[in-house]
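In the working numbering, the protein residues as written are 583 to 736.
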């Protein structure tokens, strides 16, 4: 029972949190698209489901079945790892933020603010590795500029 409380329950809470976050961000994107369409006197996403409410699911299915094009002269392992290295820190940050009253965060870290700053600093590595792995000088330059903006924003 001890291993169940130490490993399984936090893992289930983490998976539920990740699912809720990603679904929430998908619907925030849907809301933004609808709002921008209203500003531009258009309909916006309205093809999937009533009022376009299934548009995030349709976008996810479309992204899942897209062809993966890998250029010839890339560092393939780093090229494939870089997007995950940019996404994972953004999700790990939420581990120390208590979501509801009475429910502790996934990880009870006493120095949660320092954790957030440290993990936010790691996010720029994913962008730098993405630019570097493409073996293109302009991609690397853009990645360095983008990560400089991220660091200055911190």
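Backbone N, C-alpha and C fix where the C-beta goes; we use that ideal spot for every residue, glycine too.
Using a Cβ-Cβ cutoff of less than 7 Å, which residues in the same chain neighbour residue i once the five nearest sequence positions on both sides are dropped?
i, result
"residue 676", "599, 603"
"residue 591", "none"
Would a C-beta distance cut-off of 8 Å place residue i and residue j closer than the cut-off?
i, j, result
"residue 725", "residue 710", "yes"
"residue 638", "residue 612", "yes"
"residue 664", "residue 708", "yes"
"residue 661", "residue 715", "yes"
"residue 655", "residue 719", "no"
"residue 703", "residue 736", "yes"
"residue 630", "residue 640", "yes"
Please list the terminal residues of the continuous alpha helix (DSSP H) segment that includes residue i.
i, result
"residue 641", "637-646"
"residue 660", "658-674"
"residue 715", "694-715"
"residue 724", "719-735"
Please classify residue i: is it buried, with 16 or more other beta-carbons within 10 angstroms of its beta-carbon, or exposed?
i, result
"residue 705", "buried"
"residue 712", "buried"
"residue 671", "buried"
"residue 674", "buried"
Ordered along the chain, which non-local residues of its own chain (more than five positions away) have a Cβ less than 8 Å from that of residue i?
i, result
"residue 727", "none"
"residue 666", "708"
By Cβ distance, which residues of its chain are closer than 6 Å to residue i, with the 5 residues on each side in sequence left out?
i, result
"residue 722", "713, 714"
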